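Student: Before I ask anything, here is the structure I am working with.
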Amino acid sequence: MRYYLFIFSITIFQFINAQSGNTFTVGLSSGIGKTKSTFFSGDKPLDNLSNIHTALNFSYGIKLPKNLSCDLNFSIENMSYFPYPNYLVRWNSGSQLSSELGAGLRYKIPIKNNALSIGLNGGARLTGLSNSSYQTSMEFSYSKTTYHFDQKVNPFVKLQLSYEFPLKNKDLLGIDLSYKQSFHPIYSMEHQYSGDFPFFFVGTYTYSGNSVHLGLHYTWTKNKKNAEIATFMMDSVNHKAAKKMMATKNRFQSWKAVLIQLHQGGFMNQSKIMNNPDKVFKNFSGPGSSIRLNASIGWKNNWSFQPGISLDSYWLWLHDQKYGGGYTGTKLFNLFTIDLGMKRRMLSFPNSNRYLCNLNGGISFSYLNGSGGAEGFSTSFDPNTSQVMLTYNYSYQYNNKIFPLAYIGVSKDLRLSNHLLFTIAYRHQFGLSKGMVIPFNYTVANQSPVFTQIRVNGNADCLSVGLTYRFNNKRLKTWCHAL
154 MRYYLFIFSI
164 TIFQFINAQS
174 GNTFTVGLSS
184 GIGKTKSTFF
194 SGDKPLDNLS
204 NIHTALNFSY
214 GIKLPKNLSC
224 DLNFSIENMS
234 YFPYPNYLVR
244 WNSGSQLSSE
254 LGAGLRYKIP
264 IKNNALSIGL
274 NGGARLTGLS
284 NSSYQTSMEF
294 SYSKTTYHFD
304 QKVNPFVKLQ
314 LSYEFPLKNK
324 DLLGIDLSYK
334 QSFHPIYSME
344 HQYSGDFPFF
354 FVGTYTYSGN
364 SVHLGLHYTW
374 TKNKKNAEIA
384 TFMMDSVNHK
394 AAKKMMATKN
404 RFQSWKAVLI
414 QLHQGGFMNQ
424 SKIMNNPDKV
434 FKNFSGPGSS
444 IRLNASIGWK
454 NNWSFQPGIS
464 LDSYWLWLHD
474 QKYGGGYTGT
484 KLFNLFTIDL
494 GMKRRMLSFP
504 NSNRYLCNLN
514 GGISFSYLNG
524 SGGAEGFSTS
534 FDPNTSQVML
544 TYNYSYQYNN
554 KIFPLAYIGV
564 SKDLRLSNHL
574 LFTIAYRHQF
584 GLSKGMVIPF
594 NYTVANQSPV
604 FTQIRVNGNA
614 DCLSVGLTYR
624 FNNKRLKTWC
634 HAL
């Protein structure tokens, strides 16, 4: 314990007395790891399943002597796993969110203008999900797959190689290759299969968490910032005043500026069951995806016109809450959407060019031309009847269907360079018409079919991230004299 307290104290001291060589890094990575069979019986062999890791990584690098640095790391990771064995031909996946906290050492080897870094770090993984269960029925068979996730703190070590390229603004762009070794399994999986509904045991699998990852990262070095401060100090300005003047200069955005933004995000569309007398299904907001391209054309007084286009993926999600079938999701359609809106850049401190966020809103028109449909079922076991079978189906066909929508949103730009910005955006949209009404019917066991409708009118929430490029950000010639 004393050893850990000593290391922690040194880290805090270095953080407080940050040197000019300290860095901040943000990166994206994707990895893959395999399960391992621990027991098997029966005549249905199971293939090992892959687990896909996608992570958003943050790191603060503290400069040490002799090309060494100490990294403090934090990651948010989503792991996708595949609930059903391959022979069942079910391609849907489950997901589990976790966070990781760690620290390590990194050694940099200069290679001309570039650099190769070798890092070794360790940490702990914290998982929030305890277990999940998936079941499916076919004509003469029934199967159930159960995942048990370890909620304990799971320590790991990671070996990482990085190759970094300096950019014009003195920051670094890097490519990462890493291997992660966990000390405890992330989950264990049990699979049961039967041709006549009494269970017989098929096999168990575990996932150790050992995985290989490939990623990209961007590192802010402050080298250009320190050079700009030194330039201001040449005019007999002290360091504090020079730093303030430089920050005000870099935050400037001309009212004539034109911004082009490309966003990718999660799209939570909302569907509503119009008639559901026995509460078999529950209305549910289901995840899809959205990719959006828009422009901000400066007008005046920090107002901008904001036209845009997007491709939004709508999914239908149903929650069988009465009979325990879990969540059922199927893709409905992709909508092509045109936005006509306005954006207001909210300056909280105009004299220093500080701004809080962007507020935006407007109207949209979504276009649909196509058809689709699906059917599904779930099986649960009732203590009285032993088994309950629930089936449903729907179909639709719409030609030249237009969805009118209204939307409001908020976004924040983080400057990567004078022209390149990293943008985080949230958007809420709501339908202005009844949208599309999909005939839907379901049957429980041997009861009479229930005929109802599902309405999808465009109500949705979207959280996205992306890059923004800023054109025509020329500064007024009198600006420097005004300082």
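Residues 154 to 636 in our numbering are what the sequence shown spells out, letter by letter. Where is the CB? At the ideal position from N, CA and C, for every residue including glycine. Quick caveat, the model's predicted, so the values are computed rather than measured.
1) Using 8 Å as the Cβ pair cut-off and three pairs as the minimum, do the stretch 203 to 213 and the stretch 398 to 417 touch?
2) Please return the same chain residues whose Cβ sits closer than 6 Å to the Cβ of G451, not counting the five positions on each side in sequence.
3) When you compare the stretch 464 to 473 with the stretch 492 to 499, are there three or more beta-carbon pairs, one atom per stretch, that lie closer than 8 Å?
4) If I measure Cβ to Cβ from H366 and keep anything under 6 Å in the same chain, skipping five residues before and after, which residues do I get?
5) At the level of alpha carbons, what is the spacing between D643 and R259?
6) What residues in its chain sit with their C-beta under 8 Å from that of N267, if we drop five residues either side in the sequence?
7) G419: which of H581, N626 and S524 sits nearest, CA to CA?
8) Can you tell me the Cβ-Cβ gap for A208 and I229, rounded? I've got them flagged as a contact below 8 Å.
9) Since G588 contacts V609 with CB under 8 Å, what's their CB separation in whole angstroms?
10) Express the C-alpha separation of K402 and K627 in angstroms, rounding to a whole number.
11) Taking F604 as part of the beta strand (DSSP E), name the residues at either end of that continuous run.
12) T605 to R568, Cα distance in whole Å?
13) Just to confirm, is the Cβ distance from Y295 to P236 under 7 Å?
14) For Q550, which residues in the same chain have their Cβ closer than 6 Å to its Cβ, ignoring the five residues on either side in sequence?
15) Between Y508, F336 and C615, which lies nearest to R404 when the distance is taken from Cα to Cα?
16) Can you list, in chain order, the residues of its chain whose CB lies under 6 Å from that of L193, leaving out five sequence neighbours each side?
17) Assuming the contact rule is C-beta atoms closer than 8 Å, S424 and C615 should be a hit. Round their C-beta distance to whole Å, please.
18) Is it true that the CB of K219 sits closer than 7 Å to the CB of G174?
19) Take S548 and list the residues in its own chain whose beta-carbon comes closer than 6 Å to its own, dropping the five residues that flank it on each side.
20) Just reading off the beta strand (DSSP E) that D431 is part of, what are its end residues?
21) Please list, in chain order, all residues of the same chain as R155 whose beta carbon is under 7 Å from its beta carbon, the five residues on each side excluded.
22) Cα separation between G368 and T374?
23) Whole angstroms is fine: what's the gap from Y157's alpha carbon to I271's?
24) Are there 16 or more other CB atoms within 10 angstroms of the CB of H370, so buried, or fewer, so exposed?
25) I'd like to know if P430 contacts chain B, where contact means its C-beta is closer than 7 Å to some C-beta of that chain.
26) Going by beta carbon distance, what residues of the same chain come within less than 6 Å of T178, once the five residues before and after it are set aside?
27) Skipping 5 residues on each side, what residues in its chain have a beta carbon closer than 8 Å to that of L500?
28) Strictly by DSSP, which residues pair up with D566?
29) Since G184 is in the beta strand (DSSP E), which residue starts that stretch and which ends it?
30) Just to confirm before moving on: does the CB-CB distance between G362 and S335 stay below 7 Å?
31) By a C-beta neighbour count over all protein chains shown, 10 Å radius and 16 as the cutoff for buried, is N504 buried or exposed?
32) Which whole-angstrom value describes the C-beta separation of E343 and T280, a residue pair presumed to lie in contact below a C-beta threshold of 8 Å?
Tutor: The answer reads as follows:
1) no
2) As a position in the sequence shown, residue 451 is number 298, starting the count at 1. The residues are W408, K409, A410 and S457.
3) no
4) Walking along the sequence shown from the start, residue 366 turns up at place 213. Excluding positions up to five away in sequence, the list reads S182, G184 and S331.
5) Outside the modelled stretch of the chain, which goes from 154 to 636, sits residue 643, for which no answer is possible.
6) One-based indexing of the sequence shown puts residue 267 at position 114. These residues qualify, in order along the chain: Y316, E317, F318 and P319.
7) Within the sequence shown, residue 419 is the residue found at index 266, counting from 1. That would be H581, whose Cα lies nearest to the Cα of G419.
8) As a working mapping, residue 208 is identified with position 55 in the sequence shown. As a working mapping, residue 229 is identified with position 76 in the sequence shown. Contact holds; Cβ gap of about 7 Å.
9) Position 435 of the sequence shown, counted from the first residue, corresponds to residue 588. Position 456 of the sequence shown, counted from the first residue, corresponds to residue 609. About 5 Å; that satisfies the 8 Å criterion.
10) The sequence position of residue 627 within the sequence shown is 474, counting from 1. The sequence position of residue 402 within the sequence shown is 249, counting from 1. The alpha-carbon atoms of K627 and K402 are separated by roughly 12 Å.
11) The count along the sequence shown starts at 1 and reaches residue 604 at position 451. For F604, the enclosing beta strand (DSSP E) stretches over residues V603 to V609.
12) Sequence index remark: in the sequence shown, residue 605 carries index 452 (1-based). Sequence index remark: in the sequence shown, residue 568 carries index 415 (1-based). Taking the straight line from one Cα to the other gives about 50 Å.
13) Along the sequence shown, one-based indexing puts residue 295 at 142. Along the sequence shown, one-based indexing puts residue 236 at 83. Cβ atoms of Y295 and P236: not closer than 7 Å.
14) Position 397 of the sequence shown, counting from 1, holds the residue named residue 550. Same-chain partners within the cutoff: S524.
15) Residue 404 sits at position 251 when you count from the first residue of the sequence shown. For the residues Y508, F336 and C615, the minimum Cα distance to R404 belongs to Y508.
16) On the sequence shown, residue 193 is found 40 positions in, with the first residue counted as 1. It is worth fixing the name first, because residue 193 is Phe in this sequence and not Leu. Same-chain partners within the cutoff: G356.
17) As a first step, residue 424 must be located in the sequence shown, where it is residue number 271. As a first step, residue 615 must be located in the sequence shown, where it is residue number 462. At roughly 16 Å, the Cβ-Cβ gap does not stay under 8 Å, so S424 and C615 are not in contact.
18) For the purposes of this step, residue 174 is taken as residue 21 along the sequence shown, with counting starting at 1. For the purposes of this step, residue 219 is taken as residue 66 along the sequence shown, with counting starting at 1. No, the Cβ-Cβ distance between G174 and K219 is not below 7 Å.
19) For the purposes of this step, residue 548 is taken as residue 395 along the sequence shown, with counting starting at 1. Result list for S548: G526, in chain order.
20) On the sequence shown, position 278 is the one that residue 431 refers to. Unbroken run through D431: none, as it is neither H nor E.
21) The residue labelled residue 155 in the question sits at position 2 within the sequence shown. For R155, the pLDDT reaches just 45, beneath the cut-off of 50, and the residue's location in the model is therefore unreliable, although a value from the coordinates is still provided. Result list for R155: empty, nothing under 7 Å.
22) Against the sequence shown, residue 368 aligns to sequence position 215. Against the sequence shown, residue 374 aligns to sequence position 221. Cα-Cα distance, rounded: 19 Å.
23) Your numbering for residue 157 matches position 4 in the sequence shown. Your numbering for residue 271 matches position 118 in the sequence shown. Note that Y157 has pLDDT 40, beneath the 50 cutoff, so the model's placement of it is unreliable and the number below is only indicative. Cα to Cα, Y157 sits roughly 23 Å from I271.
24) Stepping through the sequence shown from its first residue, residue 370 is reached at position 217. Label assigned to H370: buried.
25) Looking at the structure shown, chain B is missing, and only one protein chain is on hand.
26) Residue numbering aside, residue 178 sits at position 25 when the sequence shown is read from its first letter. Hits under 6 Å: S212, H370 and T372.
27) In the sequence shown, the residue the question calls residue 500 occupies position 347. The answer, listed in chain order, is N455, N506, R507, Y508 and L509.
28) Reading the sequence shown from its first residue, position 413 is the one you call residue 566. Answer is T576.
29) Counted from its first residue, the sequence shown places residue 184 at position 31. Note, G184: beta strand (DSSP E), T176 to K187.
30) Reading the sequence shown from its first residue, position 209 is the one you call residue 362. Reading the sequence shown from its first residue, position 182 is the one you call residue 335. Going by C-beta atoms, G362 is nearer than 7 Å to S335.
31) Taking the sequence shown and counting its residues from 1, the one referred to as residue 504 is at position 351. It is exposed - the Cβ of N504 has fewer than 16 other Cβ atoms within 10 Å.
32) The count along the sequence shown starts at 1 and reaches residue 343 at position 190. The count along the sequence shown starts at 1 and reaches residue 280 at position 127. Not quite, the Cβ-Cβ distance comes to about 18 Å (not below 8 Å), so this is no contact.
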